[in-house]
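Reminder that position 2 of the sequence shown reads as 1 in numbering that gives the first Met the number 0, one-by-one numbering, no gaps. Ideal Cβ placement from N, Cα and C applies to all residues, glycine included. From a predicted model like this one, the values you see are computed outputs, not experimental measurements.
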Amino acid sequence: MMPTDPLPPELHRPLSVDRVTASGLEAVVEASDSERAALARRLGIPDVLALTCRFRLTPSQGGVVMAEGVLRGRLVRVCVVSLDAFEADVEERFRVRFVPAGTESDDLDPESDDEIGYSGSVIDLGEAAAEQLALGLDPYPRKPDADLPEAARAQDESPFAALARLRRDS
0 MMPTDPLPPE LHRPLSVDRV TASGLEAVVE ASDSERAALA RRLGIPDVLA
50 LTCRFRLTPS QGGVVMAEGV LRGRLVRVCV VSLDAFEADV EERFRVRFVP
100 AGTESDDLDP ESDDEIGYSG SVIDLGEAAA EQLALGLDPY PRKPDADLPE
150 AARAQDESPF AALARLRRDS
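Written as structure tokens, this is what we have:
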């Protein structure tokens, strides 16, 4: 029985770490129509209308490549209140470290830079962009003009609110 390859990434932009010189390297990842559709399926959202990710890469010790960047996109989300689809912009600034496989840190400090492992001498900027998009998604997207249903507003009321109204009315 032959081992199966993992699913190919939806957004694949391989880059040799040898191209990242001491002066650094600028790179831009822009998703095509088919890549955006695949990302939407992966993330469980209706659509990714636009996605661009800019990277500033610099080498560090031990084969580590530091990346700073900004991801911008336009997505179709489903409102958690009204269940209506709506368009939303996302903009995420980020810092990540590409580290050789097997050298990832066990540090779970939320203040430290995220790490993305790579094998051989190739990092995948596309997968890094996809991960940043996933991290930037609002877990409870809400359409700007969405109002809570009356029943939900009543649930937010304190159990003593009815007593206060009775006292006020008497």
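Provide the residue span of the beta strand (DSSP E) that contains residue i, from first to last.
| i | result |
| --- | --- |
| SER33 | No beta strand (DSSP E) contains SER33, which is instead part of the alpha helix (DSSP H) from 32-42. |
| LEU14 | 13-15 |
| LEU24 | 24-29 |
Which whole-angstrom value is the C-beta distance of residue i and residue j, which I expect to be below 8 Å?
| i | j | result |
| --- | --- | --- |
| GLY72 | LEU42 | That belief does not hold up - the Cβ atoms of GLY72 and LEU42 are roughly 11 Å apart, past 8 Å. |
| LEU132 | LEU38 | 7 Å |
| ASP46 | LEU74 | 7 Å |
Report the rounded CA-to-CA distance for residue i versus residue j, giving the unit in angstroms.
| i | j | result |
| --- | --- | --- |
| ARG94 | THR20 | 18 Å |
| GLY68 | VAL28 | 11 Å |
| ASP83 | PHE54 | 34 Å |
| ILE44 | LEU134 | 14 Å |
| ARG76 | ASP113 | 26 Å |
| VAL190 | ALA100 | Nothing about residue 190 can be reported from this structure: the residues present for the chain run from 0 to 169 only. |
| PRO143 | PHE85 | 9 Å |
For the alpha helix (DSSP H) that residue i lies in, which residues bound it at each end?
| i | result |
| --- | --- |
| LEU147 | Looking at the DSSP string, LEU147 is not in any alpha helix (DSSP H), and its letter there is neither H nor E. |
| LEU134 | 124-135 |
Whose CA, out of the options, lies closest to the CA of residue i?
| i | options | result |
| --- | --- | --- |
| VAL121 | PRO45, VAL98, ARG55 and GLU90 | VAL98 |
| LEU24 | PRO138, GLU130, SER59 and SER118 | SER59 |
>> Ignoring anything shorter than 3 residues, give me the beta strand (DSSP E) runs that lie fully in the region 59-120, in order along the chain.
In response: 64-77, 84-99 and 113-117
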